[in-house]
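Here the structure is laid out as structure tokens; the discussion comes afterwards.
Numbering (the working numbering), first residue to last: 1 to 87.
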């Protein structure tokens, strides 16, 4: 995992999105912005950033776009970061 991927993850909202997807496997944009209580445009911005860095993948089904983690290793990175914060 490169430095650009880690920089992309280094934002509280993007970490929240990753944690949400880690817990739910796959979610639509609508569910993501509703659960995080943010605007749709804000969610889309963060999702596109994470996707462009290879952290997320997306799949269109009809009018909806579903996002999921591209690599299981991302869960481990977030867990490691959480453990560091607990020290």
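For each residue, glycine too, the CB sits at the ideal point set by N, CA and C.
{"Check": "Touch test, the stretch 31 to 43 against the stretch 69 to 76, Cβ-Cβ under 8 angstroms, three pairs minimum", "Outcome": "no"}
{"Check": "Where residue 23 falls, given that 16 or more other Cβ within 10 Å makes a residue buried", "Outcome": "exposed"}
{"Check": "Outcome for residue 7 when other beta-carbon atoms lying within 10 angstroms are tallied against a minimum of 16", "Outcome": "exposed"}
{"Check": "Own chain residues within Cβ distance below 7 angstroms of residue 53, not counting five before or after", "Outcome": "4, 5 and 8"}
{"Check": "Environment of residue 11 [buried if 16+ CB atoms lie within 10 Å]", "Outcome": "exposed"}
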